[in-house]
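Oh and the sequence shown: position 49 is 924 in this note's numbering, straight run, nothing missing.
Here the structure is laid out as structure tokens; the discussion comes afterwards.
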Amino acid sequence: MIAAKEHGVCLQAENDLCERSHFKLCCDCCSLGLKIQKEGDSCESNLNLGYPCNHMMMLCCNGEEQLLPPEIKLLAKSEPTPEPKKGKVMYFHDVDECSLNTHTCGRGERCVNTAGSFVCAVDVTCDIGFTLDDGVCQDINECSSSPAPCTQGFTCINTLGSYVCQRKHLNCNRGYKANHNGTTCIDIDECAGGAHNCSAEQACHNVAGSYRCDCKAGYRFDTFRRRCLDVNECEQNPCNQECTNIYGSYQCYCKEGYKLGDDGATCEGNMG
């Protein structure tokens, strides 16, 4: 500032290590402010001059000689990028900070490597039945998976975080039912299940889609009464001596001094 006021020459210092001397910069900017003042122009701030040149110009233009210039903070001089030699190609390889564990992601964050850097994404843990998609837990449609989670005869219904297997409704004709897979109709054995209306004198015979009641041995079907009646087998003289009719059968007896043979009908003399 003094050199400028005394119309000194603003020269660069010999021992100045910077590209441009702070002394010369302040001297030139102060000379500009003095020139504006001398010509009677208004001392207005000119941001195009930058800092601290604009500040020094304003001080000298307004005649504020007692003010001290502000502290100048120097930025570290960046090293120039070497020019690649002709005929050689320079390749740069990305450093994976995530795998090298040199990132700064905290707890609950997940390191995601990017070209030349990394980002810390929120680490989201999804419950069973959900999958992480772009940072959001989305429901998994188990019904579309292969193989299908439900067995034959069941329909898969997807639910939030799970699924249910609903048995298919199969309409079967009377006397038929759906098989255990629900894929086809099968005959109902009314005789084995006790779902028939046969009487005690009748035997149940299963047929496709229904059943039939037949008279048991020792009975005959009376078409008028529509029931099975006992047959009196003794009328056919099946016994050698005495015959007693019973329901559905008969019994042979022998007179005193005889015993019934192995055939159940012949009486043999008592040899004793």
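C-beta: ideal position from N, C-alpha, C; glycine also.
>> Quick check: the Cα distance between VAL1039 and GLU984, rounded to an integer number of angstroms?
In response: Walking along the sequence shown from the start, residue 1039 turns up at place 164. Walking along the sequence shown from the start, residue 984 turns up at place 109. Going by the C-alpha atoms only, they are around 35 angstroms apart.
>> Here's the rule: buried if 16 or more other CB atoms are within 10 angstroms of the residue's CB, otherwise exposed. What is TYR1128?
In response: Against the sequence shown, residue 1128 aligns to sequence position 253. Classification for TYR1128: exposed.
> When burial is assigned at 16 or more other CB atoms within 10 Å of the CB, is GLU1143 buried or exposed?
Replying inline: Here residue 1143 is taken as the residue at index 268 of the sequence shown, counted from 1. With fewer than 16 Cβ atoms within 10 Å of its Cβ, GLU1143 is classed as exposed.
>> Just verifying my parser: in three-state terms, what is the DSSP assignment at PRO945?
In response: If you number the sequence shown from 1, residue 945 lands on position 70. Since pLDDT at PRO945 reaches only 42, below the 50 mark, its modelled position is unreliable, and no value is offered.
> Of the choices ALA990, GLY1139, MET933, whose alpha-carbon is the least far from that of SER906?
Replying inline: By 1-based counting over the sequence shown, the position of residue 906 is 31. Comparing Cα-Cα distances from SER906 to each of ALA990, GLY1139, MET933, the minimum goes to MET933.
>> Using 7 angstroms as the threshold, is the C-beta distance between GLN1077 and CYS1103 below it?
In response: Here residue 1077 refers to the residue found at position 202 when the sequence shown is read from its first residue. Here residue 1103 refers to the residue found at position 228 when the sequence shown is read from its first residue. Yes, the pair counts as a contact, with Cβ atoms nearer than the cut-off.
> Do GLY1139 and SER1085 have their C-beta atoms closer together than 7 angstroms?
Replying inline: Translated into the one-based positions of the sequence shown, residue 1139 becomes position 264. Translated into the one-based positions of the sequence shown, residue 1085 becomes position 210. No.
>> Just to confirm the assignment, what range does the alpha helix (DSSP H) spanning HIS930 have?
In response: Taking the first residue of the sequence shown as 1, we reach residue 930 at position 55. Looking at the DSSP string, the run of the alpha helix (DSSP H) that includes HIS930 is 928-937.
> Thinking C-alpha only, which one of ILE1063, ALA1067, ARG1042 is nearest GLY1057?
Replying inline: Taking the first residue of the sequence shown as 1, we reach residue 1057 at position 182. Cα-wise, what sits closest to GLY1057 is ARG1042.
>> Output needed for THR1030: all residues of its chain with C-beta closer than 7 angstroms, excluding positions within five of it in sequence on either side, in chain order.
In response: Your numbering for residue 1030 matches position 155 in the sequence shown. The residues are GLN1041, LYS1043.
> Is any beta-carbon of chain D found at less than 7 angstroms from that of CYS1025?
Replying inline: No chain D is present in this structure, which holds just one protein chain.
> Would you report the Cα separation of GLU946 and LEU1007, rounded to the nearest angstrom?
Replying inline: Here the question's residue 946 lines up with position 71 in the sequence shown. Here the question's residue 1007 lines up with position 132 in the sequence shown. Because the pLDDT at GLU946 is just 41, under 50, the model does not fix this residue reliably, and the value given afterwards should be weighed accordingly. Looking at the two C-alpha atoms, the distance is approximately 54 angstroms.
>> Here's the rule I'm using: 16 or more other beta-carbon atoms within 10 Å means buried, otherwise exposed. How should GLU1065 be labelled?
In response: On the sequence shown, residue 1065 is found 190 positions in, with the first residue counted as 1. When all chains shown are included, GLU1065 counts as buried.
> According to DSSP, what are the bridge partners of HIS1044?
Replying inline: In the sequence shown, counting from the first residue as 1, residue 1044 sits at position 169. In DSSP, HIS1044 forms no bridge with anything.
> How would you call GLU1108, buried or exposed, if buried means at least 16 neighbouring beta carbons within 10 angstroms?
Replying inline: Translated into the one-based positions of the sequence shown, residue 1108 becomes position 233. Buried, since its Cβ has 16 or more Cβ neighbours within 10 Å.
>> In whole angstroms, give me the CA-to-CA distance for PHE1096 and THR1141.
In response: One-based indexing of the sequence shown puts residue 1096 at position 221. One-based indexing of the sequence shown puts residue 1141 at position 266. Using only the alpha carbons, I get a separation of about 30 angstroms.
>> Which residue wins for smallest C-alpha separation from THR1034, given the options ASP1002, CYS1018, ALA1023, GLY1093?
In response: Walking along the sequence shown from the start, residue 1034 turns up at place 159. Per the Cα distances, CYS1018.
> Helix, strand or coil: which one does DSSP assign to GLY908?
Replying inline: Against the sequence shown, residue 908 aligns to sequence position 33. Residue state, collapsed to three classes: helix.
>> Which same chain residues end up closer than 6 angstroms to CYS1073 when comparing Cβ atoms and leaving out the 5 residues on each side of it in sequence?
In response: Mapped onto the sequence shown, residue 1073 falls at position 198. Once the five neighbours on either side are set aside, the close Cβ partners of CYS1073 are CYS1079, CYS1088.
> In this structure, does DSSP put GLY925 in helix, strand or coil?
Replying inline: Position 50 of the sequence shown, counting from 1, holds the residue named residue 925. Coil at GLY925, not helix or strand.
> Is ILE1032 buried or exposed, if buried means 16 or more other CB atoms sit within 10 Å of its CB?
Replying inline: Here residue 1032 is taken as the residue at index 157 of the sequence shown, counted from 1. Classification for ILE1032: exposed.
> Expressed to the nearest angstrom, what Euclidean distance is found between the alpha-carbon atoms of PRO1022 and GLY1093?
Replying inline: For the purposes of this step, residue 1022 is taken as residue 147 along the sequence shown, with counting starting at 1. For the purposes of this step, residue 1093 is taken as residue 218 along the sequence shown, with counting starting at 1. Their Cα atoms are separated by approximately 59 angstroms.
> Secondary structure at ALA1156, three-state DSSP: helix, strand or coil?
Replying inline: Lying outside 876 to 1147, the shown extent of the chain, residue 1156 is not represented and no answer is given.
> Taking the DSSP output, what are the residues bridged to SER1085?
Replying inline: Mapped onto the sequence shown, residue 1085 falls at position 210. VAL1082, per the DSSP bridge assignment.
> Using DSSP with H/G/I as helix, E/B as strand and the rest coil, what is CYS1142?
Replying inline: As a first step, residue 1142 is located in the sequence shown; it is residue number 267 there, counting from the start. Correct three-state label for CYS1142: strand.
>> Taking the alpha carbon of GLY1028 as the reference point, which residue from LEU1045, ALA1070, SER1037, ASN1016 has its own alpha carbon closest?
In response: Indexing the sequence shown from 1 puts residue 1028 at position 153. Out of LEU1045, ALA1070, SER1037, ASN1016, LEU1045 has the C-alpha closest to the C-alpha of GLY1028.
>> Could you pull the DSSP bridge partners for LEU975 from this structure?
In response: On the sequence shown, residue 975 is found 100 positions in, with the first residue counted as 1. Paired residue(s): none; LEU975 is not in a bridge.
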